[in-house]
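Working notes for the structure below.
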Amino acid sequence: MSEETKFEPKIVAFLCNWCTYAGADLAGTGRNQYQANVRVIKLPCTGGIDPLFLIKAFERGADGILVSGCHPGDCHYNSGNYHARRRWNVFKPLLDFCGINPERIQFSWISAAEGGKWVETINGVIDTVRALGPFEGYHKISTMGPMISSEISATS
């Protein structure tokens with residue numbers, strides 16, 4: 033592939049307001065470099081993320097997703113990050129059913145003081161998704177919408 037046609041993945045990052053979002057902000061104020069093809073969605077807590085948010089992101093053109101929040105034990109809402117991890121563990125096996133390679137979604141813990149870890153993590157997500165290529169499964173997701181919704185609702 034030439035430089036002009038090199039695939040650049042679209043990444044959606046669902047970030048905890050208190051930790052990872054602040055870490056990403058720290059990376060920016062520290063002038064750390066990471067690629068601009070990341071769209072950040074700030075959440076009060078990753079514990080509130082609905083797996084359908086992830087499906088909708090893919091359906092609307094995302095090639096990869098990062099979900100990142102406070103380290104275990106550091107959640108501002110006590111147990112939100114544990115809830116997010118439990119949801120992720122239940123949701124992950126459904127990815128094959130949805131036609132999504134599990135490597136397209138990554139889950140991490142990044143604190144407000146870890147701007148460098150944010151850069152390393154998001155660049156790693158971009159590199160992984162770039163190697164996988166564009167996500168073409170959104171057509172399958174669109175046609176399976178109601179069935180996927182009921183499967184996910186049953187696990188949440």
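All residue numbers for the sequence shown refer to my numbering, where the first residue is 33 and numbers rise by one. Just so you know, even glycine gets a beta-carbon here, dropped at the ideal spot from N, CA and C.
Judged by DSSP in its simplified three-state form, cysteine 48 adopts strand.
Looking only at Glu40, Leu127, Thr61, Cys102, the smallest Cα-Cα distance to proline 76 is reached by Cys102. Excluding its 5 nearest sequence neighbours in each direction, phenylalanine 123 has C-beta neighbours in its own chain below 6 angstroms: Pro83, listed in chain order. Taking C-beta separations shorter than 6 angstroms and ignoring five residues to either side along the sequence, the partners of alanine 144 in its chain run Cys51, Ala54, Gly55, following chain order. Under the three-state reduction of DSSP, lysine 149 is assigned to helix. When beta bridges are read from the DSSP output, glycine 96 appears opposite Ile43.
Counting the other Cβ atoms within 10 Å of the Cβ of glutamine 138 gives 16 or more, which makes it buried. Look at phenylalanine 167 here: in three-state DSSP terms it is coil, with no helix or strand label. In this structure, isoleucine 97 lies away from valine 70, with their beta-carbon atoms at least 8 angstroms apart.
Excluding residues up to 5 positions away in sequence, Gly55, Leu58, Ala59, Gly62, Asn64 lie with their Cβ nearer than 7 angstroms to the Cβ of glycine 147 in the same chain. A straight-line Cα-Cα distance of about 13 angstroms links isoleucine 87 and valine 99.
Cα atoms of isoleucine 158 and arginine 92: separation of roughly 18 angstroms, rounded to the nearest angstrom.
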